[in-house]
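Novice: Quick one: this structure, given as structure tokens, is what I'll be asking you about.
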Amino acid sequence: MAVADGAITPVMAIALAGSMGVGAQWLAWRLKLPAIVLMLMAGVLIGPVFGIFRPNEVFGDLTQPIISIAVAIILFEGGLTLSLHTLREVQQGVMRLVVIGAPLGWLLSTLALHYAAGLSWESSAVFGGIMVVTGPTVIAPLLRQARLSRRPSALLQWEAILNDPIGAMAAVLAFEVVALLNLDVDTTSEAIFHVGGGVLVSILAGCAAGLFLSWAFRRGKVPEYMKVPFIVVFLLGVFALCNALLHESGLLAVTAMGVILANANLPSYDEMRRFKEHATILLVSGVFIILAASLDFSSLEQLTWRAAIFVAVVILIVRPLTVYLSLVKSDVSWRERTLVALTGPRGVVLVAVAGLFGDRLVQIGIEDGALIAPLAFALVAATVVVHGFSLAPLARLLGLRGAEQPGILLVGGSPWSTAFAEAVKRTEVPVLISDRNRSHLRKARSLGIETFFGDVLSETAEQKIENAHYARLVAVSDNDAYNTLVATDLGPEYGRDNVFQLQRENAEATRNSLPASLGGRVFAQGKTYEELETNFRAGWEFRVTKLSEEFTYLDWRGQRPDAIIMMIVYPDGTLRFPGPDTDVAGGKGAQIVHMSQKLPEDKKTHEKLSPLAAGREEQGA
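Residue numbers for the sequence shown follow my numbering, so the first one is 1050 and each next one is one higher.
The structure is reproduced here in structure tokens:
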């Protein structure tokens, strides 16, 4: 359709959906708001409100396939994040939420749909199966924004990804039974065999594809530059073949394929996962915009006051009851149960699958199947808004959120780095020291500083260190190569701007220079390990200076011109690590953590007697 006719072209539509989705996520990051809420608002504004983008008019019959493929890739990427190492810690809870929670949630959702929303038993059974889905497309952005502790985060993530295909399969089974009773086209045994066989074949196909790719990658049968294309082709092929056998079974297959690859210990796993994460962010952004823009306000007019009752019952009764009954006498604490019970957002998969089965129910004579799509969108909108704004405060209330003041992970336990950590601790910034030598951590433990014995790059560190508590990583070991390796490997996880390391020896030499993609930002104003170690042995100390209106940064620098600024903590909790050429800006309430020579006695006396005492210095270790 031409632009002159008042509609945009498909290329313009894809660009618009992508830019609006990514823009909403960026704005949410800047404003510290739930990204999924802003994406929902953006889609509604450019769709039904202003009529700029109408997906069904622009894409036509391709709308549903586009969404289906995007959901398949999203679920596959979700499967890639499900390492069995993370499952061990929450295995019992996850198994109960899947084995007990899925059928129990199906039953309770069906009852809520029939008695609260007023749907027929046929429509309630089909839609109730779909409602087992809790939405990995929504959970991922929420977890990223809320910064939960590891266990509740793992519970929500595993449940969302595993129950997504299970919910789709439940809807398929319910629809087959409804079609059997209404059309009398098949026998019960044949219907059950068809669904069961399709599920089994889908799981086997996904596992087989994952095992084959693992074998091919490990044996070098596929060159490095073709690994991601191979994965995408296999993903789409498995998804399409399984869907041809049994509708929506492809979701189960691609999830199984992702889990197999995630636990194959492939050397190139991190690169594959990061590519998929980037693709998923784009797909989640675009698909959510498309679905929100597809909303037809006239369809919502079919809903009555019972829709509001239904949404409230799902959020306040069905979800909590499902979780609490599933986790009775489990090893999941009551705090974790409460958080999971009050967090059940629905997303893209629910809307996409609900719309599909709603139409199919209408085709076989179940008229109220037309209400499934608007009910699904109402549920998604309500849960996205409610849980988007409630998850972080609820986690904070229950003590299941990362530290309010993001901390520092120090890699390297030398005497001077321990003294630095002790000074950081007195600014009330959390700090943890990691080292591969137990004896290097002895002094830190005696000072009450959190420690981790082992390699920070190990799987044990991934399981034991609560990354949600630490927003900055600083590599300060005596091994420049190891510091560079740590900063490079963990850069994508912490963010390149949040990873620092000591200046390497002779780094300015051309033969020793590294590309910008390796290592972290310079720490300690460009000082090397040897320089800091020499200063510490010469009697330099770590101090914390709090600035005030009377004692400014210039006053402090005048007294200590040679001090090395390690870190500045601003009153709002912002941390800054100045580089060698950084213009340092202090202000009232800012705390400077620095390495300085001892002041002469006359200056110490002046400090004590001076009215500048508001800018007092606290002696470091």
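For glycine and all other residues, C-beta sits at the position ideal for the given N, C-alpha and C.
Every value quoted in this text rests on a predicted model; they were computed, and no experiment measured them.
Using DSSP with H/G/I as helix, E/B as strand and the rest coil, what is A1064?
Specialist: Start at 1 with the first residue of the sequence shown, and residue 1064 comes out as number 15. DSSP places A1064 in helix when its eight states are reduced to three.
Novice: Could you tell me the alpha carbon to alpha carbon distance between A1341 and I1482, rounded to whole angstroms?
Specialist: Here residue 1341 is taken as the residue at index 292 of the sequence shown, counted from 1. Here residue 1482 is taken as the residue at index 433 of the sequence shown, counted from 1. If you take the alpha carbons of A1341 and I1482, they lie about 46 angstroms apart.
Novice: Please go through the same chain and pick out, in chain order, the residues whose beta-carbon is closer than 8 angstroms to the beta-carbon of A1091, but skip the five residues on each side of it.
Specialist: Here residue 1091 refers to the residue found at position 42 of the sequence shown. Result list for A1091: M1069, G1070, G1072, A1073, I1338 and A1341, in chain order.
Novice: Would DSSP call A1670 helix, strand or coil?
Specialist: Within the sequence shown, residue 1670 is the residue found at index 621, counting from 1. Summary for A1670: the model assigns pLDDT 39, below 50, so the residue's position carries little reliability; its value from the coordinates is reported in the next sentence. In the structure shown, A1670 sits in coil (DSSP, three-state: anything other than H, G, I, E or B).
Novice: Output yes or no for whether 8 angstroms exceeds the beta carbon distance between G1569 and G1628.
Specialist: Within the sequence shown, residue 1569 is the residue found at index 520, counting from 1. Within the sequence shown, residue 1628 is the residue found at index 579, counting from 1. No, the pair does not count as a contact, with Cβ atoms beyond the cut-off.
Novice: So, is N1486 buried or exposed, given that buried needs 16 or more other C-beta atoms within 10 angstroms?
Specialist: Translated into positions along the sequence shown, residue 1486 becomes position 437. Under this definition N1486 is an exposed residue.
Novice: Leaving out five residues on either side along the sequence, give the residues of the same chain with a beta carbon under 8 angstroms from the beta carbon of I1514.
Specialist: One-based indexing of the sequence shown puts residue 1514 at position 465. Taken in chain order, the residues that qualify are L1458, L1481, S1483, F1501 and V1505.
Novice: Strictly by DSSP, which residues pair up with R1450?
Specialist: On the sequence shown, position 401 is the one that residue 1450 refers to. L1197.
Novice: Let me know if P1316 comes out buried or exposed under the rule of 16 or more other beta-carbons within 10 Å of its beta-carbon.
Specialist: Residue numbering aside, residue 1316 sits at position 267 when the sequence shown is read from its first letter. Flag for P1316 reads exposed.
Novice: By the three-class DSSP mapping on this structure, what secondary structure does T1594 have?
Specialist: Here residue 1594 corresponds to residue number 545 of the sequence shown, with the count starting at 1. Three-state result, T1594: strand.
Novice: Of the choices I1149, A1254, R1386 and L1294, whose alpha-carbon is the least far from that of G1448?
Specialist: The residue given as residue 1448 occupies position 399 in the sequence shown. For the residues I1149, A1254, R1386 and L1294, the minimum Cα distance to G1448 belongs to R1386.
Novice: So the candidates are Y1274, L1399, L1490 and R1475; which of them puts its Cα closest to the Cα of T1467?
Specialist: By one-based count along the sequence shown, residue 1467 stands at place 418. Taking only the C-alpha atoms, the option nearest T1467 is L1490.
Novice: Roughly how many whole angstroms lie between the Cα atoms of A1064 and V1107?
Specialist: Counted from its first residue, the sequence shown places residue 1064 at position 15. Counted from its first residue, the sequence shown places residue 1107 at position 58. Rounded to whole angstroms, A1064 to V1107 spans 13 angstroms at the Cα level.
Novice: Bridge partners for I1457 per DSSP, in chain order?
Specialist: Along the sequence shown, one-based indexing puts residue 1457 at 408. According to DSSP, which records beta bridges pairwise, I1457 is partnered with V1480 and R1521.
Novice: Taking the beta carbon of V1052 as the centre, do at least 16 other beta carbons fall within 10 Å, making it buried, or is it exposed?
Specialist: Translated into positions along the sequence shown, residue 1052 becomes position 3. The pLDDT assigned to V1052 is 43, lower than 50, so where the model puts this residue is not dependable; a value taken from the coordinates is nonetheless given after this. Exposed, since its Cβ has fewer than 16 Cβ neighbours within 10 Å.
Novice: Which ranges would you report for the beta strand (DSSP E) in the stretch 1557-1644 if only whole runs of at least 3 residues count?
Specialist: Runs found: 1590-1595 and 1613-1618.
Novice: What separation, rounded to the nearest whole angstrom, lies between the Cα atoms of A1228 and A1403?
Specialist: What you label residue 1228 is simply residue 179 of the sequence shown in a count that begins at 1. What you label residue 1403 is simply residue 354 of the sequence shown in a count that begins at 1. Taking the straight line joining both Cα atoms gives about 16 angstroms.
Novice: Identify which residue in H1436, A1121, F1324 and L1522 has its Cα closest to the Cα of I1188.
Specialist: Here residue 1188 is taken as the residue at index 139 of the sequence shown, counted from 1. When each option's Cα is compared against that of I1188, the closest is H1436.
Novice: Quick check on this structure: which residue in H1296, G1142, A1520 and D1345 has the alpha carbon closest to the alpha carbon of D1380?
Specialist: Looking up residue 1380 in the sequence shown gives position 331. Of the candidates H1296, G1142, A1520 and D1345, the one whose C-alpha sits nearest the C-alpha of D1380 is G1142.
Novice: Within its chain, find whatever has a CB closer than 7 angstroms to the CB of N1212; leave out the 5 residues flanking it on each side and keep chain order.
Specialist: Here residue 1212 refers to the residue found at position 163 of the sequence shown. Excluding sequence neighbours, N1212 sits near V1147, A1151, V1181, V1182 and T1183.
Novice: So, with DSSP's three-state summary, where would you put E1515?
Specialist: Working through the sequence shown from its first residue, we reach residue 1515 at position 466. Correct three-state label for E1515: coil.
Novice: With distance defined between alpha-carbon atoms, name the residue in Q1351, R1395 and Q1140 nearest to E1416.
Specialist: On the sequence shown, residue 1416 is found 367 positions in, with the first residue counted as 1. Of the listed residues, the one whose Cα sits closest to E1416 is Q1351.
Novice: My understanding is that G1456 touches Y1519, with C-beta atoms under 8 angstroms, so please give their C-beta distance in whole angstroms.
Specialist: Within the sequence shown, numbered from 1, the residue matching residue 1456 stands at position 407. Within the sequence shown, numbered from 1, the residue matching residue 1519 stands at position 470. Right, their Cβ atoms sit about 5 angstroms apart.
Novice: Would you call the stretch 1306-1313 in contact with the stretch 1126-1133, where contact means no fewer than 3 C-beta pairs closer than 8 angstroms?
Specialist: Contact holds: three or more Cβ-Cβ distances are below 8 angstroms.
Novice: What residues in its chain sit with their C-beta under 6 angstroms from that of A1536, if we drop five residues either side in the sequence?
Specialist: Translated into positions along the sequence shown, residue 1536 becomes position 487. Counting only Cβ-Cβ distances below 6 angstroms, and skipping sequence neighbours, we find A1524, V1548, Q1550, G1568 and G1569.
Novice: Using the DSSP secondary-structure output, state which residues sit across from Q1113 in a beta bridge.
Specialist: In the sequence shown, counting from the first residue as 1, residue 1113 sits at position 64. Its beta-bridge partners do not exist; DSSP assigns none.
Novice: Keeping to the same chain, check which residues put their C-beta closer than 6 angstroms to that of G1393; ignore five residues upstream and five downstream.
Specialist: Taking the first residue of the sequence shown as position 1, residue 1393 is located at position 344. These residues qualify, in order along the chain: T1183 and R1368.
Novice: Suppose contacts are defined by Cβ-Cβ distances below 8 angstroms. Is L1443 in contact with L1405 by that definition?
Specialist: The residue given as residue 1443 occupies position 394 in the sequence shown. The residue given as residue 1405 occupies position 356 in the sequence shown. Going by C-beta atoms, L1443 is not nearer than 8 angstroms to L1405.
Novice: Go to S1412, then tell me how far its alpha helix (DSSP H) extends in each direction, as first and last residue.
Specialist: Position 363 of the sequence shown, counted from the start, is the residue given in the question as residue 1412. Note on identity: in this sequence residue 1412 is Gln, with Ser being the wrong assignment. Its alpha helix (DSSP H) spans residues V1397 to Q1412.
Novice: Starting from E1171 and walking both ways along the alpha helix (DSSP H), at which residues does that stretch end?
Specialist: Here residue 1171 corresponds to residue number 122 of the sequence shown, with the count starting at 1. Residues W1170 to I1179.
Novice: Out of T1583, A1419, D1529 and E1511, point me to the one whose CA is closest to Y1543's CA.
Specialist: In the sequence shown, the residue the question calls residue 1543 occupies position 494. Of the listed residues, the one whose Cα sits closest to Y1543 is E1511.
Novice: Three-state secondary structure (DSSP) at T1130?
Specialist: Position 81 of the sequence shown, counted from the start, is the residue given in the question as residue 1130. Coil.
Novice: Which partner residues does F1502 have in the DSSP bridge list?
Specialist: One-based indexing of the sequence shown puts residue 1502 at position 453. According to DSSP, F1502 bridges with D1484.
Novice: For the alpha helix (DSSP H) containing R1279, list its first residue and its last residue.
Specialist: For the purposes of this step, residue 1279 is taken as residue 230 along the sequence shown, with counting starting at 1. A small correction: the amino acid at residue 1279 is Phe; Arg does not occupy that position in the sequence shown. Taken as a continuous stretch (DSSP letters only), the alpha helix (DSSP H) holding F1279 covers K1276 to L1294.
Novice: Rounded to the nearest angstrom, what separates V1060 and P1423 at their Cα positions?
Specialist: Your numbering for residue 1060 matches position 11 in the sequence shown. Your numbering for residue 1423 matches position 374 in the sequence shown. Computed Cα separation, rounded: 28 angstroms.
Novice: In this structure, how does DSSP classify V1389 when only helix, strand and coil are distinguished?
Specialist: Sequence index remark: in the sequence shown, residue 1389 carries index 340 (1-based). Residue state, collapsed to three classes: helix.
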